[in-house]
Amino acid sequence: MNADIRRAGTWLLAGTLLLALPAREVRADLLDEAWKRGNDAYFRGDFAGAIAAYEQLDRQNVVSSDLYYNLGVAHFRQGSLGRAIWSFERTLAVDPDDEDARFNLAQARKLAERRVLDKIESAEREALWIRIATLLTASTETWIFVGLYLGCFVLLFLRRRAADDSRAALTAGAAILGTGALLAGVLLLGRMNLDRIPFGIVLPDMVAVKEGADAAYRTSFEVHAGLRVRLLDRDQDWVRVRLANGLEGWLRAEDVGRL
Amino acid sequence: MQIGLRLSIVGLMIGFAAGVARAAEPTFVARVDRTQVGVGESFTLEITLSVEGGRVDGYRPPDLRGFRTLAERPSQSTQMQMGGGGTFVRQVYGWHYDVLALDRGSFSVGPARVRVDGRELRTEKIAIAVVDSAQAQPARRPGRGLPFGIPNPGLPFPGLGVDNDSPPADTQPGRGRRNFLRVQTNKLKAYVGDEISVEWSLYLTERQDKYGTTAEPRTDGFWVEDRTPASPHAGLSLTEQAYEGRTYLVAPLMKKALFPLHPGRLTISPLESEISRVDFFGATLRTERLKTEPLTIEVLPLPTAGQPPKFDTSAVGHFTLRVEVDRDRVNVGEAVTLKLAISGQGNLRKLAAPPLPRLDGWKAYEPKVSVTLDPGERVAGTKVVEYLLLPERAGVTTIPPFSLAFFDPERGTYGSEESNPLRIEVSTDGSQPVGTRPAGAVPGTVGSGSSAAAARGENVLALDIRPPRNRPTLRRDLGTSFYQSRGLLLVVAAPPLALALTTLLAFARERLSKETESARRRKLRRLARRRLRTAETCLREGRLAQAFGEIERVLREFLTGKLGTQIAGLSWDELRSTLAQAGLAPPLVDATLAALEDCYRARFAPGSLAAQEVRAVRDRASEIILQIEKAPLRPVSLPEVRS
């Protein structure tokens, strides 16, 4: 009977991990083909073709710092500084240690500021919980949480079958891992909450921020490529944005790249 | 000398007396700038009342039957005359009418009337001959190059390019005094790309409480620039104006500058609105729907004679071009901003700026374009295109002149503007100070690309970004993918569920493994059935002794299980006593012992029994087992029995 229970538990865990894989997984060879096509176009000097291939991958919800990075480089070569900045920001969101992306982002911002610098007066510092939730990347937080969480439950399973003298040690281990999983889970929840109020990057060189979700509304102020804004709301093709100093207005959704 | 002086004094006195007499009499006259006009042309009617003091009221405009009043402008002025008798003040009232001749024939401007101190004055009737346009006489308008209403002969199309003072074309039919919408345009015929100003106004006979637009005019085929002046307050801004001799409350609704995009007859659909009055509580008392007439504009193609190749049809108007860089001496990797400003009157938003030529050794980024329009009647302002240029190597570069060709609709000719070439010096050693000298006026030279750095053999690496990654396969971030998928939720939910399930299973198993009364009964029943089946098999095979052995075993095992104590080794008396103590009924005790004795006997004398007897014993044993099963027994212990 004990063997049956063990088998059932093992199958359950294996099934969980299988189900946990991302849904609608795209075939890896098709992704690699588009990736190669984009790179070939770039090195031929066909930046528009490269962007088209990279954006095809992006539309398939492929999360890859390499993809965002190359997209940023291609946009930079194309002269689209706003989109280049957005792509490098996305790269760093996935991999904050990406030195190349950090360097290129600084270069792109430097050039964008040569045109116009959006100086946000009385900009508020980001809330503490946002700074804590974004200490680590989403990927790192996810793996830490999953590892601690599953580890905690593995110890709890082992404890059930363990001899009396080793049960105390297993209980203590499960408690430590459980506490760690709880803290990692709080970070992850914070990030999930942050994802509900996402940020974006202004893409065109200059765009008028309107008082309402229509071009007919009065222009409140203007912003320029590369400015980071918070996305608050959406009304069909328009998004409500808030600047760091609390100023708000509406932009066309296509003019903001969501991070 | 004295005679002369006297004569002068007498003359002055006579003159003054005559003047006083003339001033005392009010004058009320009507004048037109011409008495013969062409069909579709306008003339000016001016009515003037000059009066010294007195009450003026009851002005009634002239009868303009057969004409259409395009505009009416009342005026009032005061003239002071100082002379020998003191100061004389004269009030001059004027009514200026712009009148359009509609049909050929003889018409008359009827007398205007006014009351001065209760006395009615009338102007003379004026006869106007309306002839074909070609025969019309010029207007008597001093100080103007061209007579009012006459097409500019310098223009390629007569009637095109109406001058600024001309009245706006009005598509509204004549009407009585009622509420209406009015659309006015400054021209009904224009070139492709030329500006047409269209204004919509609301004319009210009395104030209304609500106004709403139900259908905006469609302007298909035009590039539209909204020129509606910003209203300082919400709602309509009403002013009192005269129109066709009547006074209205007029509110400007909107004003647009339209630029035709292609030749042909383009129609602007009507503006439709609703006005209504409401009562004290806000309930609608009366609603009126108003609508303008559609407005058709005849759009002419641009002349092909003299048209530059690949001409941009939005470049219609007057433009000037200015190009400058923010510095003309930079180091490699330092950005330069090239600013191209196009100023003038025309469709600046649509106007395509001259492209930046390819510059060797420079990287150019997407230009930043901004348009600033000046307030005013016409669409005019400045379009600024800023290119960000990044030098990649040292040398002297000359940016060739920019050229902009445009069509002047007033002259009917093509013109062009050209900027100066720009010279920029790029060095490598970082010694160039940030140039503050505007380079727009720097005379251009063709850049040779030679540089001191190149001569020294330096390899200058300009500011740039790092290259893309060229891995053979795409490296994906599974962690973030996993975080964004529903798999994370499953991972969170599955372990506690698995733990709960296994705990539940273990609990069930533990419950099942416990030796409960019912479980013991079930076990005994299973055992008994098995033994009896074995006995039946033995019976069929003729092994009668074994069959009895099995029946005895089943009885003993059943009793052992039922009593909870081992009965093997007990004498017949001890067994009887044990069964009695357990609470078994005496007849059942007797029957049980009898069955056991039969089995015992048969085991040791197998030849003395027939198969029928074995079956009978088996059936009795089954019956006994059934009865013992149902009987409520209490457990007994062997020492207790033996004592």
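First to last, the sequence lines map onto chains A and B. Here my numbering is used: position 72 in the first sequence is 214, and no number is missing along the way. Here my numbering is used: position 456 in the second sequence is 458, and no number is missing along the way. The C-beta atom is built at its ideal place from N, Cα and C for all residues, glycine as well.
Item	Value
Cβ pair count under 8 Å reaching 3, the segment 178 to 188 of chain A against the segment 209 to 228 of chain A	yes
Span separating the alpha-carbon of residue 399 of chain A from that of residue 344 of chain A	6 Å
Per-residue DSSP class, three states only, for residue 333 of chain B	strand
Local Cβ density within 10 Å of residue 188 of chain B, reported as buried at 16 or more and exposed below that	buried
Bridge partners - residue 204 of chain B, DSSP secondary structure assignment	B/183 and B/253
Extent of the continuous beta strand (DSSP E) run through residue 227 of chain B	224 to 228
Own chain residues within Cβ distance below 8 Å of residue 285 of chain A, not counting five before or after	none
Residue-chain proximity (residue 256 of chain A, chain B), Cβ-Cβ < 8 Å	yes
Where residue 520 of chain B falls, given that 16 or more other Cβ within 10 Å makes a residue buried	exposed
Minimum length 3: unbroken beta strand (DSSP E) runs contained in the segment 281 to 311 of chain B	286 to 293 and 297 to 302
Euclidean distance between Cα positions of residue 384 of chain A and residue 391 of chain A	7 Å
Beta carbon proximity, residue 217 of chain B to chain A, threshold 8 Å	no
Within-8 Å CB hit, residue 229 of chain A to chain B	no
Outcome for residue 387 of chain A when other beta-carbon atoms lying within 10 angstroms are tallied against a minimum of 16	exposed
Assigned secondary structure, residue 467 of chain B (DSSP; H/G/I helix, E/B strand, else coil)	coil
For residue 352 of chain B, three-class secondary structure by DSSP	coil
Residues bridged to residue 414 of chain B (per DSSP)	According to DSSP, which records beta bridges pairwise, residue 414 of chain B is partnered with nothing at all.
Sequence-distant residues of its chain with Cβ nearer than 7 Å to residue 357 of chain B (five each side left out)	none
Cut-off 7 Å between Cβ atoms - residues of its own chain near residue 193 of chain A, not counting five sequence neighbours on either side	213, 216, 217 and 220
Contacting positions in the segment 329 to 353 of chain B - beta carbon closer than 8 Å to chain A	337 and 339
Interface residues of chain B facing residue 295 of chain A [CB-CB closer than 8 Å]	497, 498, 500 and 501
Residue 208 of chain B versus residue 319 of chain B - alpha carbon distance	41 Å
Which of helix, strand or coil DSSP assigns to residue 222 of chain A	coil
Test: residue 481 of chain B CB closer than 8 Å to a CB of chain A	yes
Same chain, Cβ closer than 7 Å to residue 490 of chain B, five either side skipped, listed in chain order	484
Backbone secondary structure at residue 607 of chain B - three-state DSSP	coil
Spatially closest choice to residue 370 of chain B from A/224, A/195 and A/190, by CA coordinates	A/224
Expected contact under 8 Å - CB spacing of residue 202 of chain B and residue 104 of chain B to nearest Å	Rounded, the Cβ-Cβ distance is 23 Å, inconsistent with contact.
Helix, strand or coil at residue 523 of chain B [DSSP, three-state]	helix
Status (buried if at least 16 other CB within 10 Å, exposed otherwise) for residue 687 of chain B	Nothing in the structure corresponds to residue 687 of chain B, since chain B is present only between 3 and 645.
Which residues DSSP lists as bridging residue 52 of chain B, in chain order	B/29 and B/94
Three-state secondary structure assigned by DSSP to residue 358 of chain A	coil
Enclosing beta strand (DSSP E) for residue 637 of chain B [first to last residue]	Element bounds for residue 637 of chain B: n/a, residue is neither H nor E.
Residues of the segment 525 to 552 of chain B with Cβ closer than 9 Å to any Cβ of chain A, in chain order	none
Residue(s) in a DSSP beta bridge with residue 321 of chain B	B/346
Residue environment, residue 246 of chain B, which counts as buried when at least 16 other CB atoms sit within 10 Å	buried
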